[in-house]
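Chemist: Dropping a structure here in structure tokens format, bear with me for questions.
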Amino acid sequence: MSFAGAQSPCNLRIAGKLVATDGTSLPMVEIFIEAGHRRTFTDSLGNFHIQNLCADTLIMEADLGESGHIHLQFHLLKDTSIVWMIPLKPSDIQEVILSAERKRGNPQEQFGKTQILRSAGMSTPQMLLQLPSMNLLYSGNTIAKPMSQGLYGLRLPVMINGQRQEGQQWGDDHALEADALGYDEIRIIRGAESLVYGPDVLGGVLELKNNPNAHSGEYDITAGYAFQTNSLGNAAFARIYQRPEHSRNARFLNVSVKKNGDYSAPGYVASNTGMQEATMTTGYRRQRGKNRQSFNTGIYHMLSGILSASHIGNITDLLSAIHRDKPATEFPFTYKIKTPRQAISSGYTNWDFSWIRCNATHQAFAGIQYNRRREFDFHRNKTNQFPQLDLSLFTTELKFNSLYTVNSKLQYQHGYSALFWIHRYGGYYFIPDFEAASAGIYSALKYESNAWKSFFIFRLDSRYQNPHLSGIDSRLFGNYSTAATLRYHKNKFQFEGSLMRLWRAPWFNELYSNGVHHGSVSFESGNKNLRTEKMYKTELVFTYKSRFLHQYISVYGNYMPGFIQAVPAGNPVLTVRGAFPAYHYRQFAAANTGIDFISDLRLFRNFAATIKSSWMYARNLDSQSYINWIPPFSASVKFTYRLRHFHCVAGLIHTAKQWQYNDASDYLPPPPSYTLTQLELGWENLLRRRNMNLELGIYNIANKSYRVYTDRFRYFVNMPGRNVLLRFTINIHHHKEKTLP
4 MSFAGAQSPC NLRIAGKLVA TDGTSLPMVE IFIEAGHRRT FTDSLGNFHI QNLCADTLIM
64 EADLGESGHI HLQFHLLKDT SIVWMIPLKP SDIQEVILSA ERKRGNPQEQ FGKTQILRSA
124 GMSTPQMLLQ LPSMNLLYSG NTIAKPMSQG LYGLRLPVMI NGQRQEGQQW GDDHALEADA
184 LGYDEIRIIR GAESLVYGPD VLGGVLELKN NPNAHSGEYD ITAGYAFQTN SLGNAAFARI
244 YQRPEHSRNA RFLNVSVKKN GDYSAPGYVA SNTGMQEATM TTGYRRQRGK NRQSFNTGIY
304 HMLSGILSAS HIGNITDLLS AIHRDKPATE FPFTYKIKTP RQAISSGYTN WDFSWIRCNA
364 THQAFAGIQY NRRREFDFHR NKTNQFPQLD LSLFTTELKF NSLYTVNSKL QYQHGYSALF
424 WIHRYGGYYF IPDFEAASAG IYSALKYESN AWKSFFIFRL DSRYQNPHLS GIDSRLFGNY
484 STAATLRYHK NKFQFEGSLM RLWRAPWFNE LYSNGVHHGS VSFESGNKNL RTEKMYKTEL
544 VFTYKSRFLH QYISVYGNYM PGFIQAVPAG NPVLTVRGAF PAYHYRQFAA ANTGIDFISD
604 LRLFRNFAAT IKSSWMYARN LDSQSYINWI PPFSASVKFT YRLRHFHCVA GLIHTAKQWQ
664 YNDASDYLPP PPSYTLTQLE LGWENLLRRR NMNLELGIYN IANKSYRVYT DRFRYFVNMP
724 GRNVLLRFTI NIHHHKEKTL P
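Per the working numbering, the sequence shown starts with residue 4, numbered consecutively.
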């Protein structure tokens with residue numbers, strides 16, 4: 004079959020260009036088609052295209068940000084190209100472009116609500132694997148921390164609706180405390196623009212956002228349910244977006260709940276690996292002329308078991324368990340979560356106000372956040388319900404930013420930020436009580452023409468840290484950061500190069516931790532002599548986008564004098580809570596380089612293939628040895644077939660054995676390579692006037708036994724075996740249309 008064949012009734016394509024009546028192109032404007040809820044964005048020249056449309060009378064909508072929404076009704080009978088003229092005044096055009104600038108990014112490095120909903124039932128970190136250069140640092144099946152270009156934790160800040168997520172301040176096992184089902188957009192921000200968010204963006208910035216855009220008189224309700232056979236897991240969610248007619252207030256509410264029992268590895272049940280999770284996000288956005296304000300709040304709670312086989316009473320049994328193929332004692336499946344277990348709670352509230360005056364856009368932001376983590380010890384009296392470790396962190400964040408348009412090509416931006424932390428602990432000691440504060444200021448220049456875009460930024464930051472420890476004085480860290488990005492766009496090609504100088508201060512868990520961390524099954528010891536960690540970063544990104552081929556290649560290299568990592572201590576530690584692998588924080592000069600490759604190829608009219616691979620090399624320059632927990636080479640291929648409202652996706656994922664390993668540098672050598680197979684079947688628009696979707700996925704079809712090198716629990720247990728996931732979503736969408744001839 005070739006592309007030149009007869010048109011399928013639901014395989015039509017529309018290509019267009021969005022321009023103002025004076026000929027100005029409108030970049031990064033959201034284009035939405037009501038039928039099938041198809042969504043895309045215009046590129047830097049105002050071009051867009053949407054595929055897999057049915058022959059019908061369609062309503063197409065352009066979201067012009069502060070200037071409102073506009074609709075176009077037309078009959079689609081064949082592949083069509085249009086030039087859509089938008090009646091805007093010159094001042095309106097400037098507002099649209101300013102708004103679009105905040106949305107701009109590489110499409111490969113972000114995904115929106117549709118992809119998030121199609122991943123319902125998965126954990127949020129698993130969804131992130133769709134982004135290039137993203138890996139996971141696991142602490143069992145329920146806890147996974149995002150890893151970008153081999154960097155994780157405090158080097159990869161997580162922003163939720165503009166506010167930092169602070170739960171990972173306590174250590175490597177503290178995962179993303181958010182359910183992606185509560186948000187509309189996820190993206191990874193790299194290059195010089197990431198430095199706007201702070202000096203510690205060594206791995207980039209991971210951003211989750213709500214986008215409560217709604218039209219006058221609109222309501223949008225989406226609900227769904229997912230069930231998976233492995234762990235007999237259940238997930239349900241509901242989203243409501245609404246804007247009353249003739250009102251400028253858009254409101255939203257997202258709720259999701261999950262409950263999993265013990266998961267099954269091939270041949271046995273991994274006891275006490277269940278989890279329960281609940282999340283809620285809500286807020287509103289108000290638009291009045293050139294002023295806009297938004298209010299967001301969210302709460303998150305998760306209760307998860309910690310693998311029973313990982314908590315052992317003496318060192319001899321611990322070493323035996325580490326080298327055993329499967330746990331010595333097996334228990335039947337249950338939803339009950341026993342000790343050891345952990346309870347994680349998080350809540351945030353923020354207010355964001357922006358306004359446009361003359362040629363400038365200003366933003367003021369204020370947010371507060373509370374995080375709490377409790378761990379319940381297996382070896383304590385089972386009648387005691389109080390936590391043996393109780394960590395609480397209260398954070399306040401303030402920001403102010405201004406963007407000035409000098410002329411049609413040049414913009415100047417500057418901003419200020421301040422954060423304040425108060426930490427308290429209860430139960431046994433792990434890290435001390437502390438107070439901390441940081442302040443930062445930056446200035447940036449942007450230049451953009453039709454083909455070129457450059458961004459240069461310089462910032463100064465300081466951080467004050469005051470631990471409550473006898474004999475330990477407070478410390479003040481300060482340094483500068485700078486970065487430059489140059490981007491060239493020509494027709495189907497885009498090239499981007501970045502040079503960055505970054506730094507971060509060592510945090511309290513790295514400096515002063517000294518105790519058992521149940522969540523990562525470890526005894527961690529800090530190093531009070533740690534110095535500032537710096538990075539010199541280079542990254543090149545090449546993209547090519549045509550009708551038949553989308554290609555993304557990223558090459559990066561980092562030099563890090565004073566890299567900080569918790570490394571295995573060599574011998575386990577015996578405590579009153581049992582025997583645990585021991586880790587000490589060390590600092591050394593390091594370097595890493597890597598390449599990420601993604602290629603989407605449309606082979607035939609209804610058939611496409613996606614190839615993705617990632618490779619990284621890292622070195623300890625002081626000892627001329629390898630660095631622990633660097634993800635091994637991985638490659639995947641995915642074939643997609645579409646026919647009207649049906650699609651089928653078959654894929655292979657191969658992960659090689661990590662050969663970058665020093666003998667006796669870990670408690671267990673890297674696991675063997677493995678290849679996983681998966682199949683997904685989906686049906687869209689099952690009801691004519693309701694967007695109802697049904698998907699069936701089968702993962703690890705061959706029920707392969709495997710372990711992941713970047714999993715702390717690989718010492719004790721395999722990853723999950725075969726899993727069948729059934730996902731159902733329905734969307735009810737209504738608004739009064741205003742059309743143009």
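All residues carry an ideal CB built from backbone N, CA and C; glycine is no exception.
Terminal residues of the continuous beta strand (DSSP E) containing Asp464?
Modeler: Here residue 464 refers to the residue found at position 461 when the sequence shown is read from its first residue. Counting along the chain, the beta strand (DSSP E) containing Asp464 begins and ends at Trp455 to Pro470.
Chemist: Taking Thr117 as part of the alpha helix (DSSP H), name the residues at either end of that continuous run.
Modeler: As a working note, residue 117 is residue 114 in the sequence shown. Counting along the chain, the alpha helix (DSSP H) containing Thr117 begins and ends at Lys116 to Leu120.
Chemist: Restricting to Cα atoms, I'd like to know which of Tyr670, Ser637 and Glu698 is closest to Gly124.
Modeler: If you number the sequence shown from 1, residue 124 lands on position 121. Of the candidates Tyr670, Ser637 and Glu698, the one whose C-alpha sits nearest the C-alpha of Gly124 is Glu698.
Chemist: Fully enclosed by the region 332-386, which beta strand (DSSP E) runs are 3 residues long or longer?
Modeler: List check, beta strand (DSSP E) in window: 344-360 and 363-379.
Chemist: Measure the C-alpha to C-alpha separation of His417 and Phe298 and round it to an integer number of angstroms.
Modeler: Position 414 of the sequence shown, counting from 1, holds the residue named residue 417. Position 295 of the sequence shown, counting from 1, holds the residue named residue 298. Taking the straight line joining both Cα atoms gives about 23 Å.
Chemist: Going by Cα to Cα distance, which pick from Phe423, Ser441 and Ile309 is closest to Ile371?
Modeler: Indexing the sequence shown from 1 puts residue 371 at position 368. When only C-alpha atoms are compared, the closest one is Phe423.
Chemist: By how many angstroms is the C-alpha of Ala442 removed from the C-alpha of Tyr419?
Modeler: Here residue 419 is taken as the residue at index 416 of the sequence shown, counted from 1. Here residue 442 is taken as the residue at index 439 of the sequence shown, counted from 1. So the alpha carbons of these two residues sit roughly 8 Å apart.
Chemist: Should Met162 be counted as a contact of the ligand ATP given a C-beta to heavy atom distance under 8 Å?
Modeler: Absent from the structure shown: the ligand ATP. Ligands present: none.
Chemist: Can you tell which of Asn517, Ala585, Asn257 and Phe566 has its C-alpha closest to the C-alpha of Asn595?
Modeler: On the sequence shown, position 592 is the one that residue 595 refers to. Among Asn517, Ala585, Asn257 and Phe566, the Cα nearest to that of Asn595 is on Phe566.
Chemist: What's the C-alpha gap between Met619 and Glu64?
Modeler: Numbered from 1 along the sequence shown, position 616 holds the residue referred to as residue 619. Numbered from 1 along the sequence shown, position 61 holds the residue referred to as residue 64. Cα to Cα, Met619 sits roughly 43 Å from Glu64.
Chemist: What are the partner residues of Trp424, as DSSP defines its beta bridges?
Modeler: As a position in the sequence shown, residue 424 is number 421, starting the count at 1. Bridge partners of Trp424: Thr398 and Ala439.
Chemist: Once the 5 residues before and after Leu502 are set aside, which same chain residues still bring their CB inside 7 Å of it?
Modeler: Taking the first residue of the sequence shown as position 1, residue 502 is located at position 499. These residues qualify, in order along the chain: Ala486, Ala487 and Thr541.
Chemist: Round the Cβ separation of Tyr445 and Phe458 to the nearest angstrom and send it over; I've been treating them as touching at under 8 Å.
Modeler: Walking along the sequence shown from the start, residue 445 turns up at place 442. Walking along the sequence shown from the start, residue 458 turns up at place 455. Not confirmed; about 12 Å, so no contact.
Chemist: Considering only the beta carbon of each residue, do Ser528 and Tyr432 sit closer than 9 Å?
Modeler: Along the sequence shown, read from residue 1 onward, the residue named residue 528 stands at position 525. Along the sequence shown, read from residue 1 onward, the residue named residue 432 stands at position 429. No.
Chemist: Please work out which residues of its chain come closer than 6 Å, Cβ to Cβ, to Thr408, disregarding the five sequence neighbours upstream and downstream, and give them in chain order.
Modeler: What you label residue 408 is simply residue 405 of the sequence shown in a count that begins at 1. The answer, listed in chain order, is Asn362 and Gln414.
Chemist: Using the rule of at least 16 other Cβ atoms within 10 Å of the residue's Cβ for burial, across every protein chain shown, is Leu101 buried or exposed?
Modeler: One-based indexing of the sequence shown puts residue 101 at position 98. With a pLDDT of only 44 at Leu101, under 50, the local geometry of the prediction cannot be trusted, and the value read off the model is given with reservation. That one is buried.
Chemist: Look at the Cβ atom of Tyr731, then the Cβ atom of Gly236, and state whether they are nearer than 9 Å.
Modeler: Position 728 of the sequence shown, counted from the start, is the residue given in the question as residue 731. Position 233 of the sequence shown, counted from the start, is the residue given in the question as residue 236. Strictly speaking, residue 731 in this sequence is Phe, with Tyr absent from that position. Going by C-beta atoms, Phe731 is not nearer than 9 Å to Gly236.
Chemist: Span of the alpha helix (DSSP H) holding Ile318?
Modeler: If you number the sequence shown from 1, residue 318 lands on position 315. From DSSP, the alpha helix (DSSP H) with Ile318 extends over Ile318 to Ile325.
Chemist: From Ala367 to Asn294, what distance separates their C-alpha atoms?
Modeler: Position 364 of the sequence shown holds residue 367. Position 291 of the sequence shown holds residue 294. If you take the alpha carbons of Ala367 and Asn294, they lie about 12 Å apart.
Chemist: Pairs of beta-carbons, one from the region 341-354 and one from the region 301-314, closer than 8 Å: are there three or more?
Modeler: A contact exists between the region 341-354 and the region 301-314.
Chemist: According to the neighbour-count rule (16 or more other Cβ atoms, all chains shown, within 10 Å of its Cβ), is Lys412 buried or exposed?
Modeler: Indexing the sequence shown from 1 puts residue 412 at position 409. With fewer than 16 other Cβ atoms within 10 Å, it is exposed.
Chemist: From the DSSP secondary-structure annotation, give me the bridge partner or partners of Thr643.
Modeler: For the purposes of this step, residue 643 is identified with residue 640 of the sequence shown, where counting begins at 1. Note: Thr643 sits in a beta bridge opposite Ala611 and Val652.
Chemist: Report the CB separation of Tyr677 from Tyr718 in whole angstroms; it is logged as a contact under 8 Å.
Modeler: Position 674 of the sequence shown, counted from the first residue, corresponds to residue 677. Position 715 of the sequence shown, counted from the first residue, corresponds to residue 718. Actually they are not in contact, since the Cβ atoms of Tyr677 and Tyr718 sit about 17 Å apart, beyond 8 Å.
Chemist: Please report the straight-line C-alpha distance between Ser617 and Thr398, rounded to a whole angstrom.
Modeler: As a first step, residue 617 must be located in the sequence shown, where it is residue number 614. As a first step, residue 398 must be located in the sequence shown, where it is residue number 395. About 36 Å.
Chemist: Where does Thr541 fall in DSSP's three states?
Modeler: What you label residue 541 is simply residue 538 of the sequence shown in a count that begins at 1. Correct three-state label for Thr541: strand.
Chemist: Do Asn275 and Arg344 have their beta-carbon atoms positioned less than 9 Å apart in this structure?
Modeler: Taking the sequence shown and counting its residues from 1, one reaches residue 344 at position 341. Taking the sequence shown and counting its residues from 1, one reaches residue 275 at position 272. Closer than 9 Å, so yes.
Chemist: Any idea which residues DSSP pairs Ser297 with across the strands?
Modeler: As a working mapping, residue 297 is identified with position 294 in the sequence shown. Per DSSP, Arg288 and Asp355.
Chemist: Assess, as a yes-or-no matter, whether the region 147-163 is touched by the region 197-214 under the definition of 3 or more beta carbon pairs within less than 8 Å.
Modeler: Because the criterion of three Cβ pairs below 8 Å is met, the region 197-214 and the region 147-163 touch.
Chemist: Considering just the uninterrupted stretch of the beta strand (DSSP E) at Glu513, what are its terminal residues?
Modeler: Within the sequence shown, the letter at position 510 stands for residue 513. Counting along the chain, Glu513 falls outside any beta strand (DSSP E), though it belongs to the alpha helix (DSSP H) covering Phe511 to Tyr515.
Chemist: Would you list the one or two residues that DSSP bridges to Trp506?
Modeler: Position 503 of the sequence shown, counting from 1, holds the residue named residue 506. Bridge partners of Trp506: Lys537.
Chemist: To the nearest angstrom, how far is it from the Cα of Ile633 to the Cα of Ile556?
Modeler: As a position in the sequence shown, residue 633 is number 630, starting the count at 1. As a position in the sequence shown, residue 556 is number 553, starting the count at 1. Whole-angstrom Cα-Cα distance: 20 Å.
Chemist: If I measure Cβ to Cβ from Gly286 and keep anything under 7 Å in the same chain, skipping five residues before and after, which residues do I get?
Modeler: Counted from its first residue, the sequence shown places residue 286 at position 283. Same-chain partners within the cutoff: Asn213, Pro215, Phe255, Ser297, Phe298, Asn299 and Thr300.
Chemist: Would you mind working out which of Glu378, Gln663 and Ala147 sits nearest Phe388, comparing C-alpha positions?
Modeler: As a first step, residue 388 is located in the sequence shown; it is residue number 385 there, counting from the start. Sequence inspection shows Gln at residue 388; the Phe mentioned does not correspond to that position. For the residues Glu378, Gln663 and Ala147, the minimum Cα distance to Gln388 belongs to Glu378.
Chemist: Which first and last residues belong to the beta strand (DSSP E) in which Pro564 is found?
Modeler: One-based indexing of the sequence shown puts residue 564 at position 561. Note, Pro564: beta strand (DSSP E), Leu552 to Pro571.
Chemist: By DSSP, does Pro128 sit in helix, in strand, or in coil?
Modeler: Within the sequence shown, residue 128 is the residue found at index 125, counting from 1. Pro128: helix per DSSP, three-state reduction.
Chemist: Have a look at Glu33 and His648 and give me their C-alpha separation to the nearest angstrom.
Modeler: Locating residue 33 in the sequence shown gives position 30, where the first residue counts as 1. Locating residue 648 in the sequence shown gives position 645, where the first residue counts as 1. Using only the alpha carbons, I get a separation of about 23 Å.
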